[in-house]
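These notes concern the structure reproduced below.
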Amino acid sequence: MKRCLWCKGKPVIYMREHRLALCKACYPKWFLRMTERTIKEFRMLTPDDRILVAVSGGKDSLGLWFALTRLGYEADGLYVDLGIAADEYSQRSKEFAQQLAQRLQRPLHILSVAEEVGKPVPELARASERVPCSACGAVKRYLFNRFALENGYTAIATGHNLDDEAATLLGNVLRWQGEYLARQAPILPAKDGLVKRVKPFVRFTEKQVALFTILSGIPYIEQECPFSVGAASLFYKDLLNRIEERSPGTKWAFYSQFVHKVQPLLAGAISEPELRPCLRCGMPTTAEICVVCRMKTAAISDGRIATGE
Amino acid sequence: MTVQELLKELNLSPESTLVLRGEEVLTEDERLREDDEVRVISAISGGFFPLRG
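Heads up: the protein sequence lines correspond to chains A and B, in order. Residues 7 to 315, numbered by our numbering, are exactly what the first sequence covers, in order. Residues 60 to 112, numbered by our numbering, are exactly what the second sequence covers, in order.
Below is the structure:
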């Protein structure tokens, strides 16, 4: 049986891509070291940054908030209540986020989609004729950015991991989505009313993040969002993991080589759509009225239809 | 049976699955006893797939 490379203890994980077995005491140290290395490699954060962590109650975002705090960064949380009532999903997710906030003794801000946009995500999606994941993503990106701007945060950190990024990359490559590929990077610098966005966990697989969160004693919502059933991302992740089983290190090579070699070329060649302030709310958009303000309008007219006004 | 064999039987990828016996996290080569109770945690989460960065 393999032993922990650092202390010869009983391992909890063997990472074939690194040829590295680590025990439960050494693994969190390795994980924090790699997080810091990723932050430095991509120049994601400076000590002066005021960081807002997008906290969902899942393993990735809670693990990220904990890791950043352990590394000495001043990071607060923002939980966006999506209003998903099925299985009390949103309520339970929020409670996990609140538990960690208490442990870290850091502020957790909470915004509700129903209050901010007029309806919870499932109804908003229906009213605006979007699939729930698309409505949800647009609203979350908007609320995180607006909240960060209004409250002086200089960086939004999200818990996207290597599996998320590699699956998104595969999806974008299969359709040659040039504009999306040009913007797929572990750091998106601030510009035109958009706060800097960073993904310090891009180096880790989902399993590695889950293990860190569990070993750190952080309870998180294990249940999937009820709307994610059958999502394309799950299929792509499964495909990539089958490749990884045969050829360890492929996921990271696929993603990191793209980020280092291909994305800069695309970013230079494909001009980004120009951003201007939304005529209603002033937040950056490529249209005259931003997507969230349009959803607000749809939510209001849907309400009128529902109440017979 | 080893953890690896268990995951194979359950058709789960070792790349995305954690197996716990009580508080103890098990590696793939760990041998399971017949009366062991284990918890299998899928680390994969899906959902929002924006096809962008």
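All C-beta atoms in this analysis are idealised placements derived from N, C-alpha and C, irrespective of residue type, glycine included.
Quiz item: Taking Cβ to Cβ, would you say alanine 144/A is nearer than 8 Å to valine 297/A?
Solution: yes
Practice problem: Out of Val99/B, Ile103/B, Met60/B, point me to the one whose CA is closest to glycine 81/B's CA. | Solution: Val99/B
Quiz item: Comparing alpha-carbon positions, which option in Ile19/A, Gln108/A, Ala305/A lies nearest leucine 221/A?
Solution: Ile19/A
Quiz item: Helix, strand or coil for cysteine 287/A per DSSP?
Solution: coil
Quiz item: Going by beta carbon distance, what residues of the same chain come within less than 8 Å of leucine 246/A, once the five residues before and after it are set aside?
Solution: Asp169, Ala172, Ala173, Leu176, Thr256, Lys257, Phe260
Quiz item: Taking the alpha carbon of proline 138/A as the point to measure from, which residue in Glu121/A, Gln105/A, Ile90/A has its own alpha carbon closest?
Solution: Ile90/A
Practice problem: Could you tell me whether the segment 220 to 235 of chain A touches the segment 58 to 71 of chain A, using the rule of 3 or more Cβ pairs below 8 Å? | Solution: yes
Quiz item: Beta-carbon separation of valine 59/A and leucine 74/A under 8 Å?
Solution: yes
Self-check item: Alpha carbon of arginine 147/A to alpha carbon of aspartate 308/A, nearest angstrom
Solution: 23 Å
Quiz item: Which ranges does the alpha helix (DSSP H) cover as unbroken runs of at least 4 residues, wholly within the segment 238 to 280 of chain A, from first to last along the chain?
Solution: 238 to 252, 256 to 263, 269 to 275
Quiz prompt | Through-space distance from aspartate 244/A to leucine 402/A, alpha-carbon basis | solution = The shown model of chain A, from 7 to 315, leaves out residue 402/A, and the question about it has no answer.
Quiz item: Beta-carbon separation of threonine 211/A and glutamate 74/B under 8 Å?
Solution: yes
Quiz item: If you measure beta-carbon to beta-carbon, which residues of the segment 121 to 139 of chain A are closer than 8 Å to chain B?
Solution: Cys139
Quiz item: Does DSSP put glutamate 23/A in a helix, a strand or coil?
Solution: coil
Self-check item: Residues near proline 34/A by beta carbon distance below 7 Å, same chain, minus five either side
Solution: Phe218, Leu221, Ser222
Quiz item: In terms of residue numbering, what span does the alpha helix (DSSP H) encompassing alanine 133/A cover?
Solution: 127 to 133
Exercise. With DSSP collapsed to three states, give me the class of threonine 76/B.
Key: strand
Self-check item: Partner residues on chain A for leucine 77/B, Cβ-Cβ distance less than 8 Å
Solution: Lys213, Ala216, Leu217, Ile220
Quiz item: Should glycine 63/A go down as buried or exposed, given a rule of 16 or more other Cβ atoms within 10 Å for buried?
Solution: buried
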